[in-house]
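Residue numbers (the numbering used here), protein chains in the order written: chain A, 183 to 280; chain F, 86 to 641.
(1) Per the DSSP calculation, residue 168 of chain F is bridged to which residue(s)?
(2) Considering only their Cβ atoms, is the gap separating residue 219 of chain F from residue 381 of chain F smaller than 7 Å?
(3) Which parts of the stretch 460-500 of chain F are runs of the alpha helix (DSSP H), unbroken and 4 residues or longer, counting only runs that do not cross its ends?
(4) Contact defined as beta carbons within less than 8 Å: I believe residue 283 of chain F pairs with residue 277 of chain F. What is the distance between those atoms, to the nearest angstrom?
(5) Provide the residue(s) that pair with residue 568 of chain F in DSSP beta bridges, ordered along the chain.
(6) Three-state secondary structure (DSSP) at residue 321 of chain F?
(7) When the cut-off is 7 Å and only beta carbons count, does residue 216 of chain A lie next to chain D?
(8) Are the CB atoms of residue 168 of chain F and residue 156 of chain F nearer to each other than 7 Å?
(9) Output yes or no for whether 7 Å exceeds the beta carbon distance between residue 386 of chain F and residue 470 of chain F.
(10) For residue 175 of chain F, collect the residues of the same chain with a Cβ closer than 7 Å to its Cβ; drop the 5 residues on either side in sequence, then sort them by chain order.
(11) Where does the unbroken alpha helix (DSSP H) through residue 104 of chain F begin, and where does it stop?
(12) Using a C-beta to C-beta distance shorter than 8 Å, which residues of chain A count as neighbours of residue 182 of chain F?
(13) Name the DSSP beta bridge partners of residue 550 of chain F, please?
(14) Give me the Cα-Cα distance between residue 490 of chain F and residue 409 of chain F, rounded to the nearest whole angstrom.
(15) Does DSSP put residue 628 of chain F in a helix, in a strand, or in coil?
(16) In angstroms, rounded to a whole number, what distance separates the CA positions of residue 204 of chain A and residue 222 of chain A?
(17) Using a C-beta cutoff of 7 Å, does residue 242 of chain A count as contacting chain F?
(18) Compare the beta carbon distance of residue 424 of chain F and residue 460 of chain F with 7 Å and say whether it is the shorter of the two.
(19) Might you give, ordered along the chain, the residues of its own chain that have their beta carbon closer than 7 Å to the beta carbon of residue 216 of chain A, omitting 5 neighbours on each side?
(20) Over what stretch of residues does the alpha helix (DSSP H) that includes residue 263 of chain A continue unbroken?
(21) Hey, how far is the Cα of residue 215 of chain F from the Cα of residue 100 of chain F?
(22) Determine which residues of the stretch 234-263 of chain A have a Cβ less than 7 Å from any Cβ of chain F, and write them out in chain order.
(23) Indicate the three-state DSSP secondary structure (helix, strand or coil) for residue 384 of chain F in the structure shown.
(24) Confirm the yes/no value for this check: CB of residue 330 of chain F, any heavy atom of the ligand NAD, distance under 6 Å.
(25) Shorter than 7 Å from the beta carbon of residue 503 of chain F to some beta carbon of chain A?
(26) Leaving out five residues on either side along the sequence, give the residues of the same chain with a beta carbon under 7 Å from the beta carbon of residue 371 of chain F.
(27) Quick one: does residue 271 of chain A have its CB under 7 Å from some CB of chain F?
(28) Could you have a look at residue 411 of chain F and say whether DSSP puts it in helix, strand or coil?
(29) In chain order, what residues of the stretch 484-513 of chain F put their CB closer than 7 Å to some CB of chain A?
(30) Within the same chain, show all residues whose beta-carbon is closer than 6 Å to that of residue 247 of chain A, passing over the 5 residues directly before and after it, in chain order.
(31) For residue 80 of chain F and residue 243 of chain F, which I take to be in contact (beta-carbon distance under 8 Å), what is that distance rounded to the nearest angstrom?
(32) Applying the 10 Å Cβ sphere with the 16-neighbour rule, what's the burial state of residue 278 of chain A?
(33) Show which residues of chain F have a CB atom less than 7 Å away from the CB atom of residue 195 of chain A.
(34) Would you kindly work out how many angstroms separate the C-alpha atoms of residue 124 of chain F and residue 107 of chain F, rounded to a whole number?
(35) Tell whether a beta-carbon distance below 7 Å holds between residue 146 of chain F and residue 248 of chain F.
(36) Can you tell me where the alpha helix (DSSP H) with residue 232 of chain A in it begins and where it stops?
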């Protein structure tokens, strides 16, 4: 039996700065995962990823990352994706620095 | 030091100009990421978790004060005011923006530096003993040969698309400080029975997911045969190395699968034909290179001030006991500047610290600096009478930590705080271990102990050759740390043995503390190092310390 589809967000790195971005329902790239589109349908996810990958002059390395629904919107489920939402742990750099 | 000639200068400038065009075409969308990626990697530019990362080569770890100041300037102008020194004697910037990278490369070219071949399946930065040209136990300075290899391998048309990356390390001393047995090709300068100096050539070493200790392919290679012989090895590998599976593509697997004898035969055969094409131009070049690496003009002066300062200042005495190494010239010493302050990120120096180290090199160190694979900075030629002044300046810059070779002198890769390949974080583990042992105030009592941490199986943190190795993994979505024991990266290179099940991020620091304090009870004398005790006793007593509850379960 195929594994059940778990909710996803489309994420990538911004082309110029390289920082993590997520795709919103209205086709913006946001720096905040909470604003991302939470995808619950596999076919829709594949389609959204294709659309994201076509935006070559905005982002690099788009992929689908596991996420779950939280109080303020989508939240990461894996620690790697959590780190991408805030930055490194040794300095107050990256997203956590605002 | 080697100075760029017109050819070097023109080559670097043209590559930078090419890359400027490539970046512009990427930004305007005419190049996709798939098209751009191999181009940026050829210029050392990675895309990591939070930003781009630029890896700049520091050839054989040698640089002068002007270059160090330029690295500081780049950190201030285009990054976040610091740089990270790596286990390959490179420096990495963690926050460059794509449009700025061509300007950074121009700034590097201004001081004869670049980021070419710091990534990709090519011959990477040739590393060397960080005490080269200074160490008392040296047969010959290995850097002229490293520079010859650098010139030969840079943009070598045959070796731009090897099956996988290819790393050289060169040492000229009896003690191996360059981990030559864990490189694709390791070159060790040796003296034969007739008293001649040549190379022992070691092939097929490497860490990563299949760690292997290199094998001696040639016991004694005459120095003049260095390039044709290395070219023969890389050329055999280029054809024979596997391209079907990235994880089986390094030369260590080629040697392992084909056997050393077969590789030896193929290399000898190829060497015979290649050697005939070398007309001696390389030896002419080597002569010029050697002149550039002539020893500095040492001075003779009294060391009384140094001895007096040692008697007067216990902190200075402790630092000089720990951070100095014997120099080949009378009255001189080698200073290791620890970039491992307790609780700080191993290998990270701020731009201010870089400038302080540059100033010290210029004022007291014959204008030379080295980066060690252990992520520290070296002043290789210092007169002992200047040590009190150097120590004072280092203290003021927060660079006077007296911990070289001790438990807090930890190698750690960037791990999942930065690296896109990492499976767990390394830096916080290193910070916590160093902080804990500083609180316990026992690291000088513990003595020589090398802890090395990698945040994934690729082993940039050299965990396999740590006396204590720590490997961070992702176990079912949680960071988990495996411990290996008994590794050694010197002339007696040994791959460490896995102790048992891994530990969580919360458990790993207490486990290391248990292990190290347990060793203090196990050692025969205060002089028996952790590694010596492990070799004498084997895994079992250390395992019992690491997994006490299992012991009880077995007894029940």
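Built from N, CA and C at the ideal position, the CB exists for glycine as well.
The relevant details are as follows:
(1) F/434
(2) no
(3) 472-481
(4) 6 Å
(5) F/555
(6) helix
(7) Within the model displayed, chain D is absent; protein chains A and F are what it includes.
(8) yes
(9) yes
(10) 140, 141, 142, 143, 203, 210
(11) 91-112
(12) 198, 199, 200
(13) According to DSSP, residue 550 of chain F bridges with nothing at all.
(14) 11 Å
(15) helix
(16) 15 Å
(17) yes
(18) yes
(19) 254, 255, 256
(20) 261-268
(21) 28 Å
(22) 238, 239, 242, 243, 260, 261, 262
(23) coil
(24) As for the ligand NAD, it is missing from this structure, which has no ligand bound.
(25) yes
(26) 229, 233
(27) yes
(28) strand
(29) 501, 502, 503, 510, 512, 513
(30) 191, 193, 263
(31) Lying before the first or after the last residue shown, residue 80 of chain F is absent from chain F, which here runs from 86 to 641.
(32) exposed
(33) 132
(34) 8 Å
(35) no
(36) 224-235
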